[in-house]
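Chains as they are written, first to last, in my numbering: chain A, 16 to 399; chain B, 684 to 922; chain C, 928 to 1235.
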Amino acid sequence: MKFSWRRARSVAYKEYKHILRDPFTLAVTLILPMIFVGMFGFVIDLDYKHMRVAVRDNDQTSVSRRFLQEMASSGYFNLTPVHSPAEADRELEQNGSPALLIIKRGFGRNIRAANPENPGQIQLLADGTDNVQASIMGTYLQGVVQKANAVFAKDNPDLSGGAESGARTGEQIRSRFLFNPELNSRWFIVPALSTIIIGFLAIVLTALTVAKEWENGSMELLLSTPVRPSEIVLGKLVPYFVLTFLDVLVVFVLAVYVFRIPFLGSFPFYMLACWVYITGALALGLVISVVTRQQQAAIQFAFAVGLLPSFIFSGFIFPIENMPAFFQYFTALFPQRWFLLISRTVFLSDAAPVTLAAAFGAIGLFATAMILLAVHKFKTDVEP
Amino acid sequence: MPALRAEVRQVSKKMGRAQALQQVNAVFDAGKVHGIIGPNGAGKTTLIRVLAGLLHPDEGSVVYDEAGKLLSAADVKRVTGYFPQEPSLYPDLTCREHLEFFRDLYDLPQAPFERRAEELLYATGMAPFQGRPAGKLSGGMYKKLGLMCVLLNRPKLLLLDEPTVGVDPVSRQELWDLVYGFAGEEMTVIVSTSYMDEAGRCSQVHVLSGGRMLASGMPQDVMNHFGVTDFAEIFLKNE
Amino acid sequence: MNKTDIVISVKNLVVSFGTFKAVDGVSFDVRRGEIFGFLGANGAGKTTTIRTICGILNPSSGSVTVDGKDVSNSTAVLKPYIGYMSQKFTLYPDLTVHENMRFAGSLYGMSPTQIDERSRKLMDFIGLPQNLPDPVSHLSGGVKQMAALASSLLHDPELVFLDEPTAGTSPQTRAAFWALIRRLSEMGKTVFVTTHYMDEAEYCGRIALMERGRLVALGTPLELKEQFFPVKPLEISFSAPVQNEVRELLKKEGIASAVFGNNLRVRAPDRAALERACAPFAGKFAVREVPPTLEDVFLQAVSGRKNQ
């Protein structure tokens, strides 16, 4: 018996009807990502404004004052000037400022000189115990730096002359973050969150399907017909692929149009990566379902292999570069890590897709392996 | 296309810790209605699943032939219809959708499918219920729908595991009428049942108890063999 | 205790769900010490009727009395009077029989010593050892059913409802179970039993048969057979392979037949008429009368109703 598209299509069509007739699951699948992304998006927006920062300006020039003015007007920071290391300590330890910004001597001079070899320097010391806030501070500060660069370039006609000098001005201020070099923010969280939610939903959705057929008894009937495992696997992947892809679009629209997250990379490449990623996640769900044959066990498995690695090994919570070497390699096994990289990069930079070839290759490999495994593990009898 | 003959030779099968079948021998002649009779736990479902190719014997074998020509496992699967005892239809799909789903699984062209479906719907009296989801059918109608799905393919061997369990006497009568309506030159039917009074409805009975085949033959001959007037007595006597 | 002879009295009972009448004008009495078989297809209204008698559902109209009391306002009083063994929930599978008994008894406010004494008697009665160490899930189907019966008898009810007590059990278990039911009846308990097995219905004192919310037959097995089969069913056996041909022929004559192995069962007005109809195959068949079974009665009663 050869592979039959007709049988695969009929399984897909049947599955599509199951989905339509189960409005609850359908609603959860479409609404859950919105709730999650909305929640994270808004929570971060509300909590991290007017963060207190002690400022020690060792430069005391008009340029440094201009920079601080930019910083204050961003609305993210409440600045408290300090004039000595002792005062700085007091501000940090007793008054509870979570961060200290130091503008180094020569900041103004270096900016004016516009020499890329010797940029103006600021230093942010942030309280790493609240690593989310610390990293968000870093990101916002970077935004201020960018804006300030533009202002300095305008103020200094000598520098705004040619493209070359424009490029140079961009490097006038370099920031170094002593705590949490991972740059989390809403911009960073929302694209990452979509990775996790969509990947997880995909696993759960398919993890239930084959197990459901076993519990429902319909698998026994199916297996007595000429239908082949590959046809069932394909037939089950397609409708859930469409459903999960709708989720991708929902999250994308939310991210870009509601949360105004810039999308700088290649949209076609992002879509392609999403397709490969959700295919892998759906196929992993099928593997779980095929192996467990019970909905309850399948759902527990799906949580274990879907949710945990999504948060812990993807770099969402713990930056991968901070992990022990073994775990850095270990995370490479999880497609979430690779897709997170793709998702963030594509949203926030215009890097050419080629630079993500390795990550794309990894999720492609994972998807292929999972599909093959699902077909291979598929039982064609009812032996226990 | 003649019906299939199946022969079970020295089949043993363990299910978990229990020895579900012990060196079972049985010949299922082509074109007849065979009843596998036995109480719950006798091994009926295991035997039917072995016949359906869904379980593999630990020892022994099953051979199928069509007018003397042996068939491969793949060929057997194509011409066998099996409806399990446990509910196995999709509660949210309608009768019509089930038929169309099985049409595709069996790769039937549209025109013969329409003819066949109409014939089956007429024979089962299910035509008015085509739009009803399987989950909302009564016990008898549910079994009839399952029977229709597997009969679409015109199997040469039809395996029905306890089709009359939980079905009221009227629907039971209708199911048996259906079985006899389709059995014959082109189809062998093997039905398992734990209703002893149904043994008399079969043309051949195979009495299974505790995983062993106690006797096979025409119902009256089997009763004579055990010296009883009623099949339940066989099981009361043995054990 | 009220010693009237009628334990359950159902009069013109109607139970409606919206516009659907699940029970539509049903009346019957159940006498003390009787084994009352309650039969019908799924959806015929059996469960609704039983629930009304147990006081879980209220009648839309009509009345139901148990032990002379109207059930709709004496549910609490009647609870100790009634024992119920459900088809689905029987015993907790992870507890032993004794632990199950302790729990069931405590629901009726019995003390542990009362329970132990009573359960000793019951285990004797059903023929099981006193202290089965295994949890219920390890017991065989038959022992489980017996233990479930014992549990429903724990508070010594006068009236016991058994809902398909033998579904899915072996012929031995069924035989043993019915022996117990008979002994209960001899002890003066009233047993109200539903079953799918028509051959079991033969053991009942009287049978009520429900179909689409109405009672279509009521009486002893013998009465019902005589009522529905003034003429006995006929069976045709063949000496030549002409079964299908004869069946076709009978169909044209408007005589329904059912295949029984190599024979045909027929309901014909009389034997002569049947032999006339089969005349073309004379010499190849023989006709004999067979005693009607309750299954035949069921089919007849239900089809009679359909034709109305």
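Ideal Cβ positions, reconstructed from N, Cα and C, are used throughout, including at glycine.
Computed from a predicted structure; not experimentally measured.
**Asked** Taking 9 angstroms as the CB-CB cut-off, is threonine 912 (chain B) touching chain A?
**Response** no
**Request:** Keeping to the same chain, check which residues put their C-beta closer than 8 angstroms to that of glutamate 1138 (chain C); ignore five residues upstream and five downstream.
**Result:** Closer than 8 angstroms at the Cβ level, and outside the excluded window around glutamate 1138 (chain C), lie Gly967, Ala968, Ala971, Ala1228, Val1229, Arg1232.
**Request:** Answer with buried or exposed for glutamine 1072 (chain C), where buried requires no fewer than 16 other C-beta atoms within 10 angstroms of its C-beta.
**Result:** buried
**Message:** Measuring straight from C-alpha to C-alpha, what distance separates valine 691 (chain B) and glycine 699 (chain B)?
**Reply:** 21 angstroms
**Request:** Mark glutamine 1235 (chain C) as exposed unless 16 or more other C-beta atoms lie within 10 angstroms of its C-beta, in which case mark it buried.
**Result:** The predicted position of glutamine 1235 (chain C) is uncertain, since its pLDDT is 43 and thus under 50; no value can be drawn from it.
**Asked** Does the beta carbon of serine 329 (chain A) sit closer than 9 angstroms to a beta carbon anywhere in chain B?
**Response** no
**Item:** Endpoints, alpha helix (DSSP H) assigned at histidine 781 (chain B)
**Value:** If you look at histidine 781 (chain B), you'll find it in the alpha helix (DSSP H) that goes 778-788.
**Item:** lysine 17 (chain A), DSSP secondary structure in three states
**Value:** coil
**Prompt:** Hey, how far is the Cα of leucine 83 (chain A) from the Cα of leucine 380 (chain A)?
**Reply:** Taking the straight line joining both Cα atoms gives about 49 angstroms.
**Asked** Quick one: what's got a C-beta closer than 8 angstroms to leucine 1066 (chain C)'s C-beta in the same chain, skipping five residues either side?
**Response** Val1024, Leu1059, Ala1074
**Message:** Please tell me whether isoleucine 335 (chain A) and phenylalanine 326 (chain A) are closer than 9 angstroms, where the distance is taken between their beta carbons.
**Reply:** no
**Request:** Give a yes or no on whether 9 angstroms exceeds the smallest Cβ distance from leucine 299 (chain A) to chain B.
**Result:** no
**Prompt:** What does glycine 241 (chain A) touch in chain B if you count any residue whose Cβ is under 8 angstroms from its own?
**Reply:** Sequence check: residue 241 (chain A) is proline here, not glycine. What proline 241 (chain A) touches in chain B: Lys760, Arg761, Leu788, Tyr789, Asp790.
**Item:** C-alpha gap between alanine 382 (chain A) and serine 744 (chain B), whole angstroms
**Value:** Going by the C-alpha atoms only, they are around 40 angstroms apart.
**Message:** Checking 9 angstroms against the spacing of the C-beta atoms, do arginine 22 (chain A) and glutamate 230 (chain A) come in under that value?
**Reply:** By the CB criterion at 9 angstroms, arginine 22 (chain A) and glutamate 230 (chain A) fall outside the cutoff.
**Cross-chain neighbours of histidine 739 (chain B) in chain A, by beta carbon under 8 angstroms** = The contacting residues are Asp396, Glu398.
**Asked** Once you ignore the five residues that flank proline 767 (chain B) on each side, which residues in its own chain have a CB closer than 6 angstroms to its CB?
**Response** Within the same chain, proline 767 (chain B) has close Cβ partners Asp844.
**Prompt:** Nearest CA to the CA of isoleucine 118 (chain A): which residue from A:Ile126, A:Ser112, A:Gly111?
**Reply:** A:Ile126
**Request:** Would you give the residue range spanned by the alpha helix (DSSP H) that arginine 105 (chain A) belongs to?
**Result:** Per DSSP, arginine 105 (chain A) is one residue of the alpha helix (DSSP H) stretching across 100-108.
**For glutamine 693 (chain B), the first and last residue of its enclosing alpha helix (DSSP H)** = That residue, glutamine 693 (chain B), is in no alpha helix (DSSP H); its beta strand (DSSP E) goes 687-698.
**Request:** Indicate, with yes or no, if the ligand GTP has a heavy atom lying under 8 angstroms from the CB of alanine 806 (chain B).
**Result:** Ligands displayed in this structure: none; no statement on the ligand GTP is therefore possible.
**Prompt:** Distance, Cα to Cα, arginine 275 (chain A) vs valine 205 (chain A)?
**Reply:** 11 angstroms
**Request:** Taking cysteine 778 (chain B) and arginine 815 (chain B) to be in contact with their CB atoms under 8 angstroms, please state how far apart those CB atoms are, rounded to whole angstroms.
**Result:** 6 angstroms
**Asked** CA-CA distance, proline 685 (chain B) and aspartate 712 (chain B)?
**Response** 12 angstroms
**Prompt:** Which of the residues in the segment 1075-1105 of chain C, read from start to end, lie with their CB under 9 angstroms from any CB of chain B?
**Reply:** Ala1094, Gly1095, Thr1096, Ser1097, Pro1098, Gln1099, Thr1100, Arg1101, Ala1102
**Prompt:** Is it right to say lysine 1048 (chain C) is buried, meaning 16 or more other beta carbons lie within 10 angstroms of its own, or is it exposed?
**Reply:** It counts as exposed.
**Prompt:** Any Cβ of chain B within less than 9 angstroms of the Cβ of aspartate 932 (chain C)?
**Reply:** Under the 9 angstroms criterion on CB atoms, aspartate 932 (chain C) is classed as non-interfacial with respect to chain B.
**Request:** Within its chain, find whatever has a CB closer than 6 angstroms to the CB of threonine 346 (chain A); leave out the 5 residues flanking it on each side and keep chain order.
**Result:** Result list for threonine 346 (chain A): Phe328, Ile335, Arg352, in chain order.
**Asked** Excluding five sequence neighbours on each side, which residues of the same chain lie with their C-beta closer than 8 angstroms to the C-beta of proline 1007 (chain C)?
**Response** Tyr1035, His1082, Pro1084
**Asked** When DSSP builds the beta bridges, which residues end up paired with aspartate 844 (chain B)?
**Response** B:Ser875
**Message:** Is it the case that the segment 313-327 of chain A contacts the segment 269-283 of chain A, given that we only count it when at least three CB pairs across the two stretches are under 8 angstroms?
**Reply:** No, the segment 269-283 of chain A does not touch the segment 313-327 of chain A.
**Request:** Name, please, each residue of chain B whose Cβ falls closer than 8 angstroms to the Cβ of methionine 1125 (chain C).
**Result:** Pro852, Asp880, listed in chain order.
**Message:** Let me make sure I understand the geometry here. Which of A:Ala128, A:Pro241, A:Gln343, A:Val70 has the alpha-carbon closest to that of phenylalanine 784 (chain B)?
**Reply:** A:Pro241
**Asked** With a CB to CB cut of under 7 angstroms and the five nearest residues on each side skipped, what residues in its chain are close to glutamate 85 (chain A)?
**Response** Val159, Lys162, Ala163, Val166
**Asked** Got a sec: which bits of the segment 879-904 of chain B sit with their beta carbon under 7 angstroms from any beta carbon on chain C, in order along the chain?
**Response** Met879, Asp880, Gly883, Arg884, Cys885, Ser886, Met901, Pro902
**Prompt:** Straight-line CA distance for valine 759 (chain B) to glycine 883 (chain B)?
**Reply:** 29 angstroms
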